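**Q** Can you keep this structure in mind? I'll have questions shortly.
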Amino acid sequence: PMHQRMLDVRDRYNGPAADYVLPISGDEEEVDYDPMVPQLVASSIDNKAMRAAEVLPNVISPAIDMGKEAGVRSREYASARRAGLLHAMEESKLSLSMGRAMRHYFAYSSFCFALLPDNRRNTPLFKVMDPLSAYPDSQAPEDYEQPLNIGFIHGKSSDYARWRWPQLAQENGGPIPKNAGDYELLWDMALWCDEDEWVFGLMGPRETRYGQSIWAENYQTAIMEIDRQPHGLENLPFIYPRKVTLDAIISQMGNVTDNYDLQARLMRLQIAAAERAVFPDKYVVGESTRNVQVNDGSNTWYDGRTGKVNVVQDANAVGQLNSHPDETLMRVIDTLERNSRITTGDAPQMSGESRGNMRTGRGLDMLMGEAIDPHIVEAHKMVQAWFPQLNRAAMEMYERYYGDKTYHCFIGSGSTHSSVEFKPSKHVEGIHATRVRYPIVGAGMEATNIMLTQMTGAKLISRRSARERHPLIEDGDLEGTWIFEEELEEGMSQGILQQLIQGNLPPVVAAYIHQELSQPYTNPFEALKAANERVQEEQAAMAEEQAAEGPPQADPGAQPGIAPGAPIGQPGAPPPMPPGPCLLYT
Numbered sequence: 007p008m009h010q011r012m013l014d015v016r017d018r019y020n021g022p023a024a025d026y027v028l029p030i031s032g033d034e035e036e037v038d039y040d041p042m043v044p045q046l047v048a049s050s051i052d053n054k055a056m057r058a059a060e061v062l063p064n065v066i067s068p069a070i071d072m073g074k075e076a077g078v079r080s081r082e083y084a085s086a087r088r089a090g091l092l093h094a095m096e097e098s099k100l101s102l103s104m105g106r107a108m109r110h111y112f113a114y115s116s117f118c119f120a121l122l123p124d125n126r127r128n129t130p131l132f133k134v135m136d137p138l139s140a141y142p143d144s145q146a147p148e149d150y151e152q153p154l155n156i157g158f159i160h161g162k163s164s165d166y167a168r169w170r171w172p173q174l175a176q177e178n179g180g181p182i183p184k185n186a187g188d189y190e191l192l193w194d195m196a197l198w199c200d201e202d203e204w205v206f207g208l209m210g211p212r213e214t215r216y217g218q219s220i221w222a223e224n225y226q227t228a229i230m231e232i233d234r235q236p237h238g239l240e241n242l243p244f245i246y247p248r249k250v251t252l253d254a255i256i257s258q259m260g261n262v263t264d265n266y267d268l269q270a271r272l273m274r275l276q277i278a279a280a281e282r283a284v285f286p287d288k289y290v291v292g293e294s295t296r297n298v299q300v301n302d303g304s305n306t307w308y309d310g311r312t313g314k315v316n317v318v319q320d321a322n323a324v325g326q327l328n329s330h331p332d333e334t335l336m337r338v339i340d341t342l343e344r345n346s347r348i349t350t351g352d353a354p355q356m357s358g359e360s361r362g363n364m365r366t367g368r369g370l371d372m373l374m375g376e377a378i379d380p381h382i383v384e385a386h387k388m389v390q391a392w393f394p395q396l397n398r399a400a401m402e403m404y405e406r407y408y409g410d411k412t413y414h415c416f417i418g419s420g421s422t423h424s425s426v427e428f429k430p431s432k433h434v435e436g437i438h439a440t441r442v443r444y445p446i447v448g449a450g451m452e453a454t455n456i457m458l459t460q461m462t463g464a465k466l467i468s469r470r471s472a473r474e475r476h477p478l479i480e481d482g483d484l485e486g487t488w489i490f491e492e493e494l495e496e497g498m499s500q501g502i503l504q505q506l507i508q509g510n511l512p513p514v515v516a517a518y519i520h521q522e523l524s525q526p527y528t529n530p531f532e533a534l535k536a537a538n539e540r541v542q543e544e545q546a547a548m549a550e551e552q553a554a555e556g557p558p559q560a561d562p563g564a565q566p567g568i569a570p571g572a573p574i575g576q577p578g579a580p581p582p583m584p585p586g587p588c589l590l591y592t
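Residues 7 to 592 (the working numbering) are what the sequence shown spells out, left to right.
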């Protein structure tokens, strides 16, 4: 029954793509029609799912010794573990698949993830599975424990199935041909996982094309077990969360399918009435003693748009039945739409509409938030509660399956990416536990940014905590280091400009720095250092010329460099200043 309710929601979500139509009446001449109303089911699912998946949760991997910066049991190793998890999530396209999982959650009241080893890329993959084809062991609605086993059915192409399991190829005695002709088939693969092993099976071809059945006679024996392997994992690599309900697993979408069907039926009746009003029925009143003839006895009435003339014989009058659509229908349709939106929590603001006399942007945001925020909060809490199970399995899979492989994981954004080396056998250290937390539970990208900024300004949290929580910052510590470097760079630049304006440094220093910066991949610190060395060399050459009784060569490193007041290439200048620090270190 639960799956049947899921199928009802899925058919309304897909609409005409699922061949979902509604008959208007029992009249055989009446054709079926596609629903001609707003796709409220799809809108309600998509709007909340996109908001819930807008921000990904933060992955927190703790260090064994938080006071140790580097080495075994340190924060460095914890950062490497976190980078490994982020690498697996990025390879899994989690930022996209999370949107699909949230659509499952709001449509079916559940979603499902499996962690599968990808031996092509040597990494664990977070794969979202369809709850309609996922079968965990039965549990009571009040139980929120990890299932002990689960079965999946998922589609794979012929080429993939033949590559992954060569024994399925037809030339090797299997059922899958190399070339399916006009049909590119998806084959249903069965996957079973319990506390001991993986079991792989083949169920047969999935679908038909062009309305023709492709279930040939030789496919009747396609159902078979392919392989079974012990997985060796203590943490089961799947989750199947279910929505918190009273006593049964049912979604809000499942409660409005009948409402939606009635609304679509009434809308079709309204359209039919409008068509009759545009092209009204005509009638002919004939003489009492004669039979009326229309168009030479054919009694066919020509549509005026054809340009043909209707010839009527033995008739007293020709008239038409004028009718108008009933306005009551539109009020009923509006009421049904309102009921659907209230039941599903679909705020009109998410569709670009504003009802009532609300005018301010803040008021509209609050009104929309009251409608959807509780649903988003619960979805985020569901991810926070269950995703650590997948992360534990991912850490264990890294350690057991790919322990000796070295990964170069990239964190950061734009041109500030940084590479972190992750070797499971070295960095996991048997630590499989992680925490998964959203920056602000229930908040989207914009709201999260505003709230973190306000909390930092009010000194409720530190800037370091804000960087760690911000969804656009992957490594808060690394971002803090870059910010400090930028502050040093800005201070250095301001100091040099001030010295140049005051005349303490000659303009040639600015020319030297500019020349160094024109080289590719040169930062301001390196440019200042190189300019300082050039100034020191010129000062050393001047010292050789001016010191007649001094050593034959002066040491450039002992010169003051570009310190204020130092002579730079000026003939007849006074003796150089005693050795001192350059501007870079003052």
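Beta carbons are placed, not taken as given, at the ideal position from N, Cα and C, and that holds for glycine. Keep in mind that this is a model prediction, so the values were computed, not measured.
#1: Run through DSSP, which three-state label would Ile519 get?
#2: Please work out which residues of its chain come closer than 8 angstroms, Cβ to Cβ, to Leu286, disregarding the five sequence neighbours upstream and downstream, and give them in chain order.
#3: By a C-beta neighbour count over all protein chains shown, 10 Å radius and 16 as the cutoff for buried, is Leu13 buried or exposed?
#4: So, do the stretch 102-114 and the stretch 466-480 have three or more beta carbon pairs nearer to each other than 8 angstroms?
#5: To the nearest angstrom, report how far apart Met8 and Met104 are at their CA atoms.
#6: With DSSP as the reference, identify every bridge partner of Tyr166, one or two as the case may be.
#7: Mind checking whether Met457 and Glu60 have CB atoms under 8 angstroms apart?
#8: Measuring CB atoms only, is the stretch 85-93 touching the stretch 403-419, in the sense that at least three cross pairs come out at less than 8 angstroms?
#9: On a Cα-Cα basis, can you pick out the residue from Tyr527, Ser524, Tyr518, Gln525 that is closest to Asn538?
#10: Are the beta-carbon atoms belonging to Leu342 and Leu275 less than 8 angstroms from one another?
#11: Where does the unbroken alpha helix (DSSP H) through Asn455 begin, and where does it stop?
#12: Where do the N-terminal and C-terminal ends of the alpha helix (DSSP H) with Thr263 fall, by residue?
#13: Is the CB-CB distance between Val134 and Ala94 below 8 angstroms?
#14: Could you pull the DSSP bridge partners for Asn64 from this structure?
#15: Could you tell me whether the Cβ atoms of Met259 and Thr350 are closer together than 8 angstroms?
#16: Should Val298 and Val318 be called a contact, given that it needs their Cβ atoms to be closer than 8 angstroms?
#17: Check whether the Cβ atoms of Ser163 and Tyr266 lie closer than 8 angstroms to each other.
#18: With Glu203 as the anchor, note down where its beta strand (DSSP E) starts and where it stops.
#19: Between the stretch 115-131 and the stretch 242-261, are three or more C-beta pairs nearer than 8 angstroms?
#20: Provide the residue(s) that pair with Gly486 in DSSP beta bridges, ordered along the chain.
#21: Helix, strand or coil for Glu491, going by three-state DSSP, please let me know.
#22: Please classify Asp188 as buried or exposed, where buried requires at least 16 neighbouring CB atoms within 10 angstroms.
#23: How is Trp392 classed by DSSP in three states: helix, strand or coil?
#24: Can you name the start and end residues of the alpha helix (DSSP H) that Asn20 belongs to?
#25: With hydrogens ignored, establish whether the beta-carbon of Tyr408 is closer than 7 angstroms to any heavy atom of the ligand PLP.
#26: So which of Pro566, Gln521, Ser425 has the shortest CA-CA distance to Ala541?
#27: For my contact list, Leu91 and Ala400 are in at a C-beta cut-off of 8 angstroms; report their separation, rounded to the angstrom.
#28: Considering only residues of the same chain and omitting the five flanking positions on each side of Pro247, which have a CB-CB separation below 7 angstroms?
#29: Tell me whether Lys411 is buried or exposed, calling it buried when 16 or more other Cβ atoms sit within 10 Å of its Cβ.
#30: Is Val205 closer than 8 angstroms to Arg170 when the C-beta atoms are compared?
#31: Kindly indicate which three-state DSSP category Tyr141 falls into: helix, strand or coil?
#32: By a C-beta neighbour count over all protein chains shown, 10 Å radius and 16 as the cutoff for buried, is Ile507 buried or exposed?
#33: Quick one: what's got a C-beta closer than 6 angstroms to Thr462's C-beta in the same chain, skipping five residues either side?
#34: Considering only C-alpha positions, which residue in the set Ser257, Tyr141, Arg57, Pro130 is nearest to Leu154?
#35: Just the Cα atoms here: how many angstroms apart are Glu485 and Ser98?
#36: Buried or exposed: which applies to Tyr444, given that a residue is buried once 16 or more other Cβ atoms fall within 10 Å of its Cβ?
**A** Concretely, from the data shown:
#1: helix
#2: Reading off the sequence, residue 286 comes out as Pro, not Leu. The residues are Gln326, Leu327, Asn328, Ser329.
#3: exposed
#4: no
#5: 23 angstroms
#6: Tyr166 pairs with nothing; no bridge assigned.
#7: no
#8: yes
#9: Tyr518
#10: no
#11: 451-463
#12: 263-284
#13: no
#14: Arg443
#15: yes
#16: yes
#17: no
#18: 203-211
#19: yes
#20: Per DSSP, none; premise fails for Gly486.
#21: helix
#22: Any reading at Asp188 must be qualified, since the residue scores a pLDDT of 46, below 50, and its modelled position is unreliable; no value is offered.
#23: helix
#24: 8-20
#25: The ligand PLP is not among the ligands present in this structure, which contains no ligands whatsoever.
#26: The sequence as given places Val at residue 541; Ala does not occur at that position. The candidate whose alpha carbon is nearest that of Val541 is Pro566.
#27: 6 angstroms
#28: Ser116, Phe117, Met388, Trp392
#29: exposed
#30: no
#31: strand
#32: exposed
#33: Arg469, Ala472
#34: Tyr141
#35: 25 angstroms
#36: buried
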